[in-house]
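Take a look at the structure below.
Residue numbers (my numbering), protein chains in the order written: chain W, 1331 to 1880; chain P, 434 to 679.
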């Protein structure tokens, strides 16, 4: 893969890596005795290792200009592999923490292995590790095809992909050491946050530079979603993570906001991490791979527009439904509830658009588990967004909030929507990237599909039961007018559901392992370059289509 | 609409700007006023800041991810008020950077846990929850009792907190380390400084039962025991809101 880089790009890589190693060294020196020192050490080791890799190929011959006649897919290939590794890591920790709730002593007697430190390893592992890598890998692939243009250079995609994974590693290793801001889904500390901003700016630049070189006059709908994902996640990330570090030698920082303002900012972030990380980006995936696989055009352009702008506008108002009946002023709660309800319209417009696209291709859904993954994802997307709007209604939220119902809702979305659309897309992407006729085994895709579906259904049903039971037990009064159940009684009642949930999660993990094996065997199979469709190449020799001034 | 949209989707920069504008409106309308509307946070003249030891305990609470299972926000609902105490006011987390309202109650709410159990109970429970509550699924935190608390940098912590708006005085910052020592050793030389700076009601005792060293257990228990007691505003008799009594 190094041979594809020009000598200028190889030199640039080495310069950047040396800079990173120096920053790492400074962190290690300033943070002796503090976790930030360990992180500095990790940065140094990672940078130096990459420097050696680069040096080994520094004097390789210049790549031929012929490469410009092809899309640049090497970063997507590595991205897919990283996606599956993080899927297995993140889901393994998910099964572990789920088991801890049923059997609390199923761990080591050590600080790093307690529930509170393992849980963010699970959440960040699946959201950022698995989801983020899937978004980066697919976005590079989709961006080039829909723009009919090659990525602008061969350094920045690697910087984004590997830099992003460095962020994920800093996050996960930090949790083991107790480094956390304690803001849910924004746990990494200040230095990791700054690093992510740098990576993200380069990611955005790749998008804009490729779009500027596009040979299609229109920007395809998948790219609207990927762009919304990149832009809004940047806004959310920067605002919610504003903090003052204790010193440059401390991992610890204190959030700029406190109390009620911090709560609102956090859930404005938290809910829109769901919206723009876990929804927008994956809708981008769906809008490309689903019609492609089904061989049908998107059902309605008009619905695409309505759903895109509806989601982009309205989600940002909905975060306050996480704070019903709290010390947050009621007018904000009411706004949040209202927009959450209206949000059902663009959400179902997207889900409906996807399902209607399958009209005329339902026989393919029956026979092709890859397409069925994407169909099921659209169904779960519809169900979860309906449930979300429902749970945002204040009196419903009075029951559901603080209970496992929320956890079940999140997983209906994360497993049923995010993971299923990702697996479906990856099963399209892997044969295309490695130029294979098809995946190694269609049967294993089928096995994966049913493991994933049954795991999700068991998980979600367990959490519906436990959540609603919990909510009801907390508010049950006896005839004397006093509370019937102690808290511990409600907790004991959760035990069977916690076992069922861990089992559902285990099935889902087994599915991910099956998928990873299938992908590995596909990669190891014989390349059949002749199978590459002749139109799968950038339009570099054509004169650019006339475009209106930008 | 499709005709208009066909135009804007031909311009990458235009599309980017449109996304940023459209997505920013909600946050501006909902968040900015919270900083400017005065009655968002109640006035509570008796509200005090955390002592260095309590703040260190709060940092341990975050480090161990306690917030993942315990909320600190009693909602304005009858059953919650009866189970946990008066509903939480915004002012009570005014000095919480960040807030720890939480989103999940795998364990009970802790907003008013302070003073409900003895120090000895808290220590025994943290060391092995199932020794005290057999059905508990809480992790064990025995090592907190063995880990000495890092106190040499508490002044820096307080300085950072002052930078984000917590009214620590120069005196508090200069004596942060001593105050942490003093709060765990009631018979020591530094105990008087703690009550002088943080008020007579400040709890000064060997929280983990051992006055000789300041451990992470001291800090965490000191924090747990102050929860709900930084101000008396909530107890001062604000009635349950009518809608909550339904």
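Glycine included, each C-beta is placed from N, C-alpha and C at the ideal position. None of these values were measured; they are calculated from a predicted model.
Length of the line joining the Cα atoms of residue i and residue j
i: residue 518/P; j: residue 1374/W; result: 51 Å
i: residue 1381/W; j: residue 1350/W; result: 10 Å
i: residue 1481/W; j: residue 1867/W; result: 12 Å
i: residue 540/P; j: residue 1368/W; result: 32 Å
i: residue 603/P; j: residue 1639/W; result: 51 Å
i: residue 1615/W; j: residue 1457/W; result: 16 Å
i: residue 1345/W; j: residue 1413/W; result: 28 Å
i: residue 676/P; j: residue 1494/W; result: With a pLDDT of 42 at residue 676/P, under the threshold of 50, the modelled position of that residue is not reliable, and no figure is offered here.
i: residue 498/P; j: residue 524/P; result: 23 Å
i: residue 588/P; j: residue 489/P; result: 11 Å
i: residue 1384/W; j: residue 1333/W; result: 10 Å
Residue-chain proximity (residue i, chain P), Cβ-Cβ < 8 Å
i: residue 1788/W; result: no
i: residue 1594/W; result: yes
i: residue 1521/W; result: no
i: residue 1621/W; result: no
i: residue 1631/W; result: yes
i: residue 1878/W; result: Unreliable positioning characterises residue 1878/W in this predicted model, as indicated by a pLDDT of 44, which lies under 50. A coordinate reading is not provided.
i: residue 1446/W; result: yes
i: residue 1298/W; result: Absent from the structure is residue 1298/W, since the part of chain W shown begins at 1331 and ends at 1880.
i: residue 1545/W; result: no
i: residue 1548/W; result: yes
i: residue 1728/W; result: yes
i: residue 1822/W; result: yes
CB contact below 8 Å: residue i versus chain W
i: residue 622/P; result: no
i: residue 631/P; result: no
i: residue 678/P; result: Residue placement at residue 678/P cannot be trusted, given a pLDDT of 39 that sits under 50; the coordinates are not used to answer.
i: residue 534/P; result: yes
i: residue 474/P; result: yes
i: residue 547/P; result: no
i: residue 530/P; result: yes
i: residue 443/P; result: yes
i: residue 605/P; result: no
i: residue 572/P; result: yes
i: residue 393/P; result: Residue coverage of chain P in this structure runs from 434 to 679, which leaves residue 393/P outside it and unanswerable.
i: residue 439/P; result: yes
Beta-carbon spacing of residue i, residue j below 8 Å
i: residue 457/P; j: residue 1589/W; result: no
i: residue 1668/W; j: residue 1553/W; result: no
i: residue 1428/W; j: residue 1832/W; result: yes
i: residue 1485/W; j: residue 1343/W; result: yes
i: residue 510/P; j: residue 1699/W; result: no
i: residue 1488/W; j: residue 1391/W; result: no
i: residue 1708/W; j: residue 1674/W; result: no
i: residue 1654/W; j: residue 1731/W; result: yes
i: residue 636/P; j: residue 611/P; result: no
i: residue 445/P; j: residue 1538/W; result: yes
i: residue 1295/W; j: residue 1473/W; result: Past the boundaries of the shown model lies residue 1295/W; chain W is included only from 1331 to 1880, so the question cannot be answered.
i: residue 1579/W; j: residue 1366/W; result: yes
i: residue 1357/W; j: residue 1338/W; result: no
i: residue 1747/W; j: residue 1714/W; result: yes
i: residue 1624/W; j: residue 1687/W; result: yes
i: residue 496/P; j: residue 1540/W; result: no
i: residue 1504/W; j: residue 1519/W; result: yes
i: residue 1883/W; j: residue 1704/W; result: Since the first residue shown for chain W is 1331 and the last is 1880, residue 1883/W is missing from the structure and cannot be characterised.
i: residue 1594/W; j: residue 475/P; result: no
Beta bridge counterpart(s) of residue i as assigned by DSSP
i: residue 1574/W; result: 1584/W
i: residue 1732/W; result: 537/P
i: residue 648/P; result: 581/P
i: residue 1807/W; result: 1813/W
Reference residue i; option with closest CA among the options
i: residue 576/P; options: 1444/W, 1478/W, 1471/W, 1496/W; result: 1444/W
i: residue 1750/W; options: 1838/W, 1577/W, 1427/W, 1344/W; result: 1838/W
i: residue 1570/W; options: 1596/W, 1732/W, 1689/W; result: 1596/W
i: residue 1575/W; options: 1792/W, 1849/W, 1361/W; result: 1361/W
i: residue 1662/W; options: 1757/W, 1671/W, 1505/W, 1650/W; result: 1650/W
i: residue 1434/W; options: 442/P, 621/P, 571/P; result: 571/P
i: residue 455/P; options: 1526/W, 1561/W, 1720/W; result: 1561/W
i: residue 1803/W; options: 1844/W, 1734/W, 1419/W; result: 1734/W
i: residue 1379/W; options: 1363/W, 1496/W, 1635/W, 1814/W; result: 1496/W
i: residue 1723/W; options: 1584/W, 1504/W, 1598/W, 1648/W; result: 1648/W
i: residue 584/P; options: 617/P, 560/P, 598/P, 561/P; result: 617/P
i: residue 1821/W; options: 1605/W, 1630/W, 1706/W, 1795/W; result: 1795/W
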